[in-house]
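**Student:** Numbering (the working numbering), first residue to last: 703 to 934.
Heads up, the beta-carbon is just placed ideally off N, CA and C, and yes, glycines get one too.
Would you mind keeping the following structure in view while I ask a few things?
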């Protein structure tokens, strides 16, 4: 397994297209960080990661190889991490060579970030990407480091030691995707009709009769169950 060190000293910026905002589903976790505080003062270690402890995981690669490690998913930087024998935090490298990762009962794919499958059948998948994002874009420059980010980008701060210079708000958000094998697309009516072209009329009728919020997980699971029934 190829590994790379996580740089804990510098700001990590991961850009995301603005359309992700339309399909985000706000979680209960909202973090208000006051000027002078470090991110880690408000977002505790237990809430930076998906699991309470690093979990035994199997990593399967596209070339048929397999590796095992204790992994955890970091909501701040969107990476799979583990702690080595020296106590350093490392993250998986060469993510595009990964077929999928199994952690506990979860399955993660990598497609411009790690995506967690919440329902699947055959080669089709419904999945979500979770990230702690900066909500108050007016304060994009309110950090000790210069920030280069336009209005079309999300900015993810991986350094919990980063001290803010003005009040900011961050929150845990979920972004939903529908996938075919290794490829995933944002959940939209257009993308659903594209993947289920042979049943376009049935899908269109369902969306009219059973309105679906593309940012509501329960609605999406209900829709995905319907798609499974008609996809024969």
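Candidates 766, 756, 755, 934: which alpha carbon is nearest residue 901's?
**Tutor:** Nearest of 766, 756, 755, 934 to residue 901, Cα basis: 934.
**Student:** If distances are taken between C-alpha atoms only, which option among 767, 831, 822, 821 comes closest to residue 782?
**Tutor:** Selected option, being the one with the closest Cα: 831.
**Student:** In or out: residue 918 buried (at least 16 other Cβ within 10 Å) or exposed?
**Tutor:** Residue 918 comes out exposed.
**Student:** Report buried or exposed for residue 870, applying the criterion of at least 16 other Cβ atoms within 10 angstroms of its Cβ.
**Tutor:** Buried, by the Cβ-count rule.
**Student:** DSSP three-state call for residue 928: helix, strand or coil?
**Tutor:** Helix at residue 928.
**Student:** Please return the same chain residues whose Cβ sits closer than 8 Å to the Cβ of residue 824, not counting the five positions on each side in sequence.
**Tutor:** Hits under 8 Å: 933.
**Student:** Three-state secondary structure (DSSP) at residue 894?
**Tutor:** Residue 894 falls in the helix class under three-state DSSP.
**Student:** Among 877, 896, 886, which has the Cα closest to the Cα of residue 916?
**Tutor:** With distances taken between Cα atoms, residue 916 lies closest to 877.
**Student:** How big is the Cα-Cα spacing for residue 847 and residue 733?
**Tutor:** Unreliable positioning characterises residue 847 in this predicted model, as indicated by a pLDDT of 47, which lies under 50. A coordinate reading is not provided.
**Student:** Is there contact here, the segment 877-895 with the segment 797-817, by at least three beta-carbon pairs under 8 Å?
**Tutor:** Yes, the segment 877-895 is in contact with the segment 797-817.
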